[in-house]
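Everything below concerns the one structure shown next.
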Amino acid sequence: MGNQPDIRAGRLPDSAYAENFSDVHPPLDRKAALVEASRCYFCYDAPCIEACPTGIDIPSFIRKIGTDNVRGAAQDIFEENILGGACARVCPTEVLCQQACVRNAQEAKPVQIGLLQRYATDAVMDSGVHPFSRAEPTGKKVAVIGAGPAGLACAHRLAMLGHAVTILEARPKAGGLNEYGIAAYKLPDAFARREVDFVLEIGGIEIRNGQALGRDFTLADLRRDYDAVFLGMGLGGVRALGLEGEDLKGVYNAVDFIAELRQSAELKALPVGRKVVVIGGGNTAIDIAVQTKRLGAEDVTLVYRRGAEAMAATHHEQEFAQTNGVKIKHWAQPHALQGRDGHIAEVVFEYTRLGADGRLEGTGETFALPADMLFKAIGQTMNPLPQANGGSEQLEMQGDRIAVGPDRRTSLPDVWAGGDCVAISEDLTVAAVQDGKLAAEAIDAFLKAGER
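The sequence shown begins at 17 in the working numbering and counts up by one.
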């Protein structure tokens, strides 16, 4: 196989796939949850609340866990974050609420807020009883584009307030990033699907799949047929390396492969290379690197153009990748893609450094890594908006994303936006949820005031 790409399925024993893609953070049982809850100081001016993008009253819900009031704890969480179950699993708590925990100053071990949040939210989601009831119908209709975290959070809050919501989703399934873009071991057991079902239990929300903006409907259509619109379509484009040979076989967009993996009914049937190279420094780069390793790749190397401290992936994620056998190489950028018989064979990198002006520059020295598969994970871009689609008004943009105000209102009076498609995006699930929630409250005020 020396000169041929070695990409094949079934590299591992059947049992290894289930083990490798099982829950990466096993949940707490009741005893462990009570012990962990007892570690909280219930600070009056709790810095953990300030560190939470959705503003969950963390000491309150932990105190309720400590008194076995799990439903009350979950109510505290869901009031601020209806996707609290997913966020408990995928949120980088190590740089948010847990980093702010005062326990760090004493024993460098914060209260495990994420696991406690999961303990409470799982109990209520598994009970089959929705924590909220819907207000009397207002007769107002709102269109939501995108059934990802921002769109779902917005839709749930609007439905709870009595408005009728139609979600238009381009993909076959709802859930957005949680369904298609998060590593399988972070959200196993069809959790994203179960959470969508949980959100829909409020009533008053209809999801129409296979509906894409600019193809099946226009923004002008929605503004005509609905009382307000929320844009939460995320980012559909992928940044290119801009190198010759990018169209070689074996060169993949990481997000596409992760989506295929997440939708695969049988992981052992998913082909993976023996030697894998990943370019990027964010969570997507970490996720694809770890998952290919867990699929059976022998040699996985992640290459990033700057140092570890500049990577978008947290230190915890970087360490997780390394403990899973991923090699991380810093200070190198892709220079050339070398193919053999139409297939990627090796990736040539150039060493980088910071120049006298503080900008990144190449050193002129290169090295090559053999590759059966190359994954690009250098960021996503927003697909060009078909703007107002026949309308006379245009959405104001900031760079390649939508400009919004503090309440997530766009330049159009009846259109709001949130999640990765807006200029103020933090590229976090929890931040997208907050965008949707803030927009829903603003839309509700707009509709009740009769601004239209």
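Glycine residues also receive a C-beta, built at the ideal position from the N, C-alpha and C atoms.
All figures in this text were calculated on a predicted structure; none of them were measured in a lab.
Check                                                                                                                                                                      : Outcome
Between LEU257 and ILE394, what straight-line distance do the alpha-carbon atoms span, to the nearest angstrom?                                                            : 8 angstroms
For GLU467, which three-state DSSP category applies?                                                                                                                       : Any reading at GLU467 must be qualified, since the residue scores a pLDDT of 49, below 50, and its modelled position is unreliable; no value is offered.
Can you grab the Cα-Cα spacing for the pair ALA305 / GLU282, in whole Å?                                                                                                   : 19 angstroms
How would you label GLY130, buried or exposed, when you count the other beta carbons within 10 angstroms and need 16 or more for buried?                                   : buried
Check whether the Cβ atoms of GLY323 and HIS351 lie closer than 8 angstroms to each other.                                                                                 : no
Do the CB positions of ILE72 and THR137 come within less than 8 angstroms of each other?                                                                                   : no
Which of the three DSSP states, helix, strand or coil, is assigned to GLN307?                                                                                              : helix
Out of curiosity, what's the CA-to-CA distance linking VAL212 and ALA447?                                                                                                  : 18 angstroms
By a C-beta neighbour count over all protein chains shown, 10 Å radius and 16 as the cutoff for buried, is ALA163 buried or exposed?                                       : buried
What would DSSP say about ARG278, mapped onto helix, strand or coil?                                                                                                       : helix
Between which two residues does the beta strand (DSSP E) harbouring VAL4 extend?                                                                                           : Residue numbering for the chain in the displayed model covers 17 to 468; residue 4 lies beyond these limits and cannot be assessed.
Would you report the Cα separation of LYS265 and GLY358, rounded to the nearest angstrom?                                                                                  : 6 angstroms
Quick one: which unbroken alpha helix (DSSP H) runs of 4-plus residues sit fully inside the segment 148–232? Chain order, please.                                          : 165–176, 193–196 and 207–216
Could you tell me whether the segment 429–437 touches the segment 89–103, using the rule of 3 or more Cβ pairs below 8 angstroms?                                          : no
Is it buried or exposed, GLU333, if we count other Cβ atoms within 10 angstroms and call 16 or more buried?                                                                : buried
For ALA25, which residues from the same chain have a beta carbon less than 8 angstroms from its beta carbon, with the 5 sequence-adjacent residues on both sides left out? : LYS284, ALA285, LEU286, PRO287 and VAL288
Given that a residue counts as buried once 16 or more other Cβ atoms are within 10 Å of its Cβ, and exposed if not, what is VAL145?                                        : exposed
For ARG468, count neighbouring C-beta atoms within 10 Å of its own C-beta (all shown protein chains included) and say buried if the count is 16 or more, exposed if not.   : Per-residue confidence for ARG468 stands at a pLDDT of 46, beneath the threshold of 50, marking its modelled position as unreliable; the derived number appears in the next sentence. Looking at its Cβ environment, which holds fewer than 16 other Cβ atoms inside 10 Å, ARG468 is exposed.
Rounding to the nearest angstrom, what Cα-Cα distance links ILE23 and HIS331 in this structure?                                                                            : 31 angstroms
Rounding to the nearest angstrom, what Cα-Cα distance links CYS103 and GLY261 in this structure?                                                                           : 38 angstroms
Per DSSP, what kind of secondary structure is GLU366 in: helix, strand or coil?                                                                                            : strand
Can you tell me whether GLN20 is helix, strand or coil according to DSSP?                                                                                                  : coil
Using the Cα positions of PRO147 and ASP451, report the straight-line distance between them to the nearest angstrom.                                                       : 21 angstroms
Are the Cβ atoms of ALA169 and ILE221 separated by less than 8 angstroms?                                                                                                  : no
Buried or exposed: which applies to ALA244, given that a residue is buried once 16 or more other Cβ atoms fall within 10 Å of its Cβ?                                      : buried
Just to confirm before moving on: does the CB-CB distance between ARG369 and ALA348 stay below 8 angstroms?                                                                : no
Leaving out five residues before and five after ARG425 in sequence, what residues of the same chain have Cβ atoms less than 7 angstroms from its Cβ?                       : TRP432 and ALA458
Excluding five sequence neighbours on each side, which residues of the same chain lie with their C-beta closer than 6 angstroms to the C-beta of GLU366?                   : GLN349, HIS351, GLY378 and THR382
Strictly by DSSP, which residues pair up with ALA244?                                                                                                                      : VAL158
Leaving out five residues on either side along the sequence, give the residues of the same chain with a beta carbon under 6 angstroms from the beta carbon of VAL293.      : THR317, VAL363, LEU385, ALA387 and LEU390
Quick one: Cα of ALA62 to Cα of THR83, how far?                                                                                                                            : 19 angstroms
Within a Cβ cutoff of 7 angstroms, which residues of the same chain sit near ALA404, ignoring the five residues on either side of it in sequence?                          : Reliability fails at ALA404, whose pLDDT of 45 lies under 50, so the model's placement of it is uncertain and the value that follows must be treated cautiously. Closer than 7 angstroms at the Cβ level, and outside the excluded window around ALA404, lie LEU235, ALA236, GLN410 and LEU411.
Which residue comes first and which comes last in the beta strand (DSSP E) that contains ARG356?                                                                           : 348–356
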